[in-house]
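Visitor:
Protein chains: 2
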Amino acid sequence: MKIAVLGTGMVGQALANRLSSLGHVVTVGTRDPQATLARTEPDGMGRPPYSVWAAERPDIRLATFADAAASAELVVNATSGFGAMPALEQAGAHTLAGKVLIDISNPLDFSKGFPPSLFVKDTDSLGEQIQRAFPDARVVKALNTLTANLMVNPKELGAESTVFIAGNHAEAKASVTDLLHSFGHSDVIDLGDISGARGTEMLLPVWLRLMGTLGTANFNFSIVR
Amino acid sequence: MKIAVLGTGMVGQALANRLSSLGHVVTVGTRDPQATLARTEPDGMGRPPYSVWAAERPDIRLATFADAAASAELVVNATSGFGAMPALEQAGAHTLAGKVLIDISNPLDFSKGFPPSLFVKDTDSLGEQIQRAFPDARVVKALNTLTANLMVNPKELGAESTVFIAGNHAEAKASVTDLLHSFGHSDVIDLGDISGARGTEMLLPVWLRLMGTLGTANFNFSIVR
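Protein chains in written order, with this note's numbering: chain A, 1 to 225; chain B, 1001 to 1225.
#1: What residue does the alpha helix (DSSP H) around lysine 1173 of chain B start on, and which one ends it?
#2: Near lysine 1121 of chain B, what residues of its chain come up, given a Cβ to Cβ distance below 8 angstroms and the 5 sequence neighbours on each side ignored?
#3: So, helix, strand or coil for serine 1117 of chain B, using DSSP?
#4: Which same chain residues, not among the five before or five after threonine 1027 of chain B, have their C-beta less than 8 angstroms away from its C-beta?
#5: DSSP three-state call for isoleucine 102 of chain A: helix, strand or coil?
#6: If you measure from the beta carbon of threonine 1177 of chain B to each beta carbon in chain A, is any gap under 8 angstroms?
#7: Is DSSP giving isoleucine 1223 of chain B helix, strand or coil here?
#8: Taking 7 angstroms as the limit between beta carbons, can you name the residues of its chain near leucine 1150 of chain B, skipping five residues before and five after?
#9: Name the DSSP beta bridge partners of alanine 1166 of chain B, please?
#10: Does chain D have any CB closer than 8 angstroms to the CB of isoleucine 104 of chain A?
#11: With a threshold of 16 other CB atoms inside 10 Å of the CB of aspartate 1226 of chain B, please say whether the residue is buried or exposed.
#12: Nearest by alpha-carbon distance to serine 1175 of chain B: which of B:Gly1092, B:Val1100, B:Gly1215 and B:Gly1046 is it?
#13: Where does leucine 944 of chain B fall in DSSP's three states?
#14: Counting contacts by CB-CB distance shorter than 8 angstroms, is arginine 132 of chain A in contact with chain B?
#15: Name the chain B residues whose beta carbon is nearer than 8 angstroms to that of leucine 191 of chain A?
#16: Could you name the residues of chain B that leucine 118 of chain A contacts, counting a contact when the two beta carbons are closer than 8 angstroms?
#17: Is there a Cβ of chain A sitting closer than 8 angstroms to that of isoleucine 1223 of chain B, yes or no?
#18: Have a look at glutamate 171 of chain A and valine 139 of chain A and give me their C-alpha separation to the nearest angstrom.
#19: So which of B:Leu1214, B:Asp1136, B:Asp1190 and B:Gly1192 has the shortest CA-CA distance to threonine 1095 of chain B?
#20: Please decide whether asparagine 1144 of chain B counts as near chain A, where near means a Cβ-Cβ distance under 8 angstroms.
#21: Serine 1161 of chain B to histidine 1185 of chain B, Cα distance in whole Å?
#22: Whose C-beta lies closer than 8 angstroms to the C-beta of proline 49 of chain A among residues of the same chain, with five residues either side of it excluded?
#23: For the region 145-165 of chain A, which residues have a beta carbon sitting closer than 7 angstroms to at least one beta carbon of chain B?
#24: Only counting the same chain, and skipping five residues up and downstream in sequence, which positions put a Cβ closer than 6 angstroms to that of threonine 1030 of chain B?
#25: Shorter than 8 angstroms from the beta carbon of leucine 126 of chain A to some beta carbon of chain B?
#26: Can you list, in chain order, the residues of the region 1081-1092 of chain B whose Cβ is nearer than 7 angstroms to any Cβ on chain A?
#27: When the Cα of arginine 1209 of chain B is compared with those of B:Ala1159, B:Lys1173 and B:Ser1117, which residue comes out closest?
#28: State yes or no: is the beta carbon of leucine 1180 of chain B nearer than 8 angstroms to at least one beta carbon in chain A?
#29: With DSSP run on the structure shown, which of helix, strand or coil describes lysine 1112 of chain B?
#30: Quick one: which chain A residues come within Cβ less than 7 angstroms of glycine 1196 of chain B?
#31: To the nearest angstrom, report how far apart alanine 1133 of chain B and alanine 1055 of chain B are at their CA atoms.
#32: My understanding is that alanine 16 of chain A touches alanine 148 of chain A, with C-beta atoms under 8 angstroms, so please give their C-beta distance in whole angstroms.
#33: Let's test the definition: count the other Cβ atoms within 10 Å of the Cβ of lysine 1112 of chain B and tell me whether it reaches 16, buried, or not, exposed.
#34: Would you give the residue range spanned by the beta strand (DSSP E) that asparagine 1077 of chain B belongs to?
#35: Closer than 7 angstroms by beta-carbon distance: list the chain B residues that pair up with phenylalanine 183 of chain A, in chain order.
#36: Buried or exposed for arginine 1047 of chain B, please, with buried defined as at least 16 other CB atoms from any protein chain shown within 10 angstroms of its CB.
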């Protein structure tokens, strides 16, 4: 499948890499490709700049958000929470119309330091805001509840764990479930319509706390039943 | 140990019953014991009134919040979210001082129907509000992330799952951990100080959604790592 991954950070890279290795044609979207490639400093987490990562992956094209989305049958939003709406606006409502849009972003507000607060929660969610802003896209909230490498390689954990999907379009959720299965996810729980994103986005505070307590991001929720 | 369980609902009954069967001396606290015993109608969930339950458990005494707390070395708050502060005020700050106070309540606001919203969240929590209101009590947030029967009999699930504790007092958390082990919990994660309650209280939206999706409350989170 032709897939656009919007966002060049850790999540975008993990998704792009895995999708490409599964045989999909992947285009990564960014605001300004020249600026992204010109960065030579490690990021805030000490990881190498995008250009170093991209040099080893010549099959993965870098393009503007608009070009990437236009080239794709399915779009993955792997931006930060505050980055989501601007990126999708640049991708364009017309371009996104009718396409499956997997939203991985979380509404984290780090403006007052760590831990972040959530800039939308409880009675609304970022997933819902995106669906309302792009009513013709088929938004599926997914993969926002675990660290990037486990999103795409859940078997690294050695025991089964759970991922959640939420969205208004049954067919879109079926496509996303197939994709999740191809990553190795065997327990995918469908939380119903896109308002299910409230619950998964509100998992972030305990997720962040657990990361501190356990000293690692390599863990995941499992729903035992 | 002498233990007070504040609250006569499903959670209070489950805790009182299990603690009593483990050999503890249990007093259940309520606002008005005569009124509680006079109720003859099933509750909103169709469960029999407290008096029917209590008649089969003569070892479990019913008393006012104040009497129950005064009689106890350890206090369990098993009220509703809105009921927590009034119950603890009636128990009395002086009575609670120095005691371990296990807070199971969740800040659920059903005033606009189902699903409830959270009346405190993200940058504060009910656990923290209680600790601030009763600074000399040793508040430990625990057991607010699973259904009542699994709180006290987690092995019913057939696979290991996780419970969380959060509180400012290491010794109090050690006592609570012992109690949780005695219920059958083998994976107790200490989330640090009482602000860890934010994360566990914010699990409720996805918990409620999962209950609807799975058609049962008999499930629990497990942290796979």
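Note that the Cβ used here is the ideal one computed from N, Cα and C, for glycine as well.
Guide: On the basis of the supplied data:
#1: Against the second sequence, residue 1173 of chain B aligns to sequence position 173. Start and end: 1170-1183.
#2: Locating residue 1121 of chain B in the second sequence gives position 121, counting from the first residue. Counting only Cβ-Cβ distances below 8 angstroms, and skipping sequence neighbours, we find Pro1107, Arg1198, Glu1201 and Met1202.
#3: By 1-based counting over the second sequence, the position of residue 1117 of chain B is 117. In the structure shown, serine 1117 of chain B sits in a strand (DSSP, three-state: E or B).
#4: Here residue 1027 of chain B refers to the residue found at position 27 when the second sequence is read from its first residue. Cβ neighbours of threonine 1027 of chain B beyond the five flanking positions: Lys1002, Ile1003, Ala1004, Val1005, Ile1060, Arg1061, Leu1062, Ala1063, Asp1067, Ala1068, Ser1071 and Ala1072.
#5: Your numbering for residue 102 of chain A matches position 102 in the first sequence. Reduced to three states, the DSSP call for isoleucine 102 of chain A is strand.
#6: Residue 1177 of chain B sits at position 177 when you count from the first residue of the second sequence. Judged by the 8 angstroms Cβ criterion, threonine 1177 of chain B is not in contact with chain A.
#7: Translated into the one-based positions of the second sequence, residue 1223 of chain B becomes position 223. Strand at isoleucine 1223 of chain B.
#8: Against the second sequence, residue 1150 of chain B aligns to sequence position 150. Contacts found: Glu1156, Leu1157, Asn1218 and Asn1220.
#9: Within the second sequence, residue 1166 of chain B is the residue found at index 166, counting from 1. Paired residue(s): B:Lys1141.
#10: Any reference to chain D falls outside this structure, whose protein chains are A and B.
#11: Shown here, chain B extends from 1001 to 1225; a query on residue 1226 of chain B therefore has no answer.
#12: Taking the first residue of the second sequence as position 1, residue 1175 of chain B is located at position 175. Per the Cα distances, B:Val1100.
#13: Given a span of 1001 to 1225 for chain B in the structure shown, any question on residue 944 of chain B remains unanswerable.
#14: As a first step, residue 132 of chain A is located in the first sequence; it is residue number 132 there, counting from the start. At least 8 angstroms separates the CB of arginine 132 of chain A from every CB of chain B.
#15: The residue given as residue 191 of chain A occupies position 191 in the first sequence. Ordered by position in chain B, the residues that pass the 8 angstroms Cβ test against leucine 191 of chain A are Val1206, Arg1209, Leu1210 and Thr1213.
#16: Taking the first sequence and counting its residues from 1, the one referred to as residue 118 of chain A is at position 118. Correct list: Asp1122.
#17: What you label residue 1223 of chain B is simply residue 223 of the second sequence in a count that begins at 1. Answer yes: the Cβ-Cβ gap between isoleucine 1223 of chain B and chain A drops below 8 angstroms somewhere.
#18: The sequence position of residue 171 of chain A within the first sequence is 171, counting from 1. The sequence position of residue 139 of chain A within the first sequence is 139, counting from 1. Answer to the nearest angstrom: the Cα atoms are 11 angstroms apart.
#19: Taking the second sequence and counting its residues from 1, one reaches residue 1095 of chain B at position 95. Among B:Leu1214, B:Asp1136, B:Asp1190 and B:Gly1192, the Cα nearest to that of threonine 1095 of chain B belongs to B:Asp1136.
#20: Taking the first residue of the second sequence as 1, we reach residue 1144 of chain B at position 144. Cβ-Cβ to chain A under 8 angstroms: no for asparagine 1144 of chain B.
#21: Looking up residue 1161 of chain B in the second sequence gives position 161. Looking up residue 1185 of chain B in the second sequence gives position 185. Roughly 8 angstroms between the two C-alpha positions.
#22: Residue numbering aside, residue 49 of chain A sits at position 49 when the first sequence is read from its first letter. Excluding sequence neighbours, proline 49 of chain A sits near Arg39, Thr40, Glu41, Pro42 and Asp43.
#23: Those would be Leu157, Ala159 and Ser161, in chain order.
#24: Residue numbering aside, residue 1030 of chain B sits at position 30 when the second sequence is read from its first letter. Around threonine 1030 of chain B: Thr1008 and Thr1036.
#25: Looking up residue 126 of chain A in the first sequence gives position 126. Cβ-Cβ to chain B under 8 angstroms: no for leucine 126 of chain A.
#26: none
#27: Start at 1 with the first residue of the second sequence, and residue 1209 of chain B comes out as number 209. The residue with the shortest Cα to Cα distance from arginine 1209 of chain B is B:Ser1117.
#28: For the purposes of this step, residue 1180 of chain B is identified with residue 180 of the second sequence, where counting begins at 1. Chain A contact via Cβ: absent.
#29: For the purposes of this step, residue 1112 of chain B is taken as the residue at position 112 of the second sequence. Coil, per DSSP.
#30: Within the second sequence, the letter at position 196 stands for residue 1196 of chain B. By Cβ distance, chain A contributes Arg209.
#31: Counting from one through the second sequence, the residue named residue 1133 of chain B turns up at place 133. Counting from one through the second sequence, the residue named residue 1055 of chain B turns up at place 55. For alanine 1133 of chain B and alanine 1055 of chain B, the distance between alpha carbons rounds to 35 angstroms.
#32: Residue numbering aside, residue 16 of chain A sits at position 16 when the first sequence is read from its first letter. Residue numbering aside, residue 148 of chain A sits at position 148 when the first sequence is read from its first letter. Their Cβ separation, rounded to whole angstroms, is 11 angstroms, which puts alanine 16 of chain A and alanine 148 of chain A out of contact at 8 angstroms.
#33: For the purposes of this step, residue 1112 of chain B is taken as residue 112 along the second sequence, with counting starting at 1. With fewer than 16 Cβ atoms within 10 Å of its Cβ, lysine 1112 of chain B is classed as exposed.
#34: On the second sequence, residue 1077 of chain B is found 77 positions in, with the first residue counted as 1. Taken as a continuous stretch (DSSP letters only), the beta strand (DSSP E) holding asparagine 1077 of chain B covers 1074-1077.
#35: Position 183 of the first sequence, counted from the first residue, corresponds to residue 183 of chain A. What phenylalanine 183 of chain A touches in chain B: nothing, since even the nearest Cβ is about 16 angstroms away.
#36: As a first step, residue 1047 of chain B is located in the second sequence; it is residue number 47 there, counting from the start. With fewer than 16 other Cβ atoms within 10 Å, it is exposed.
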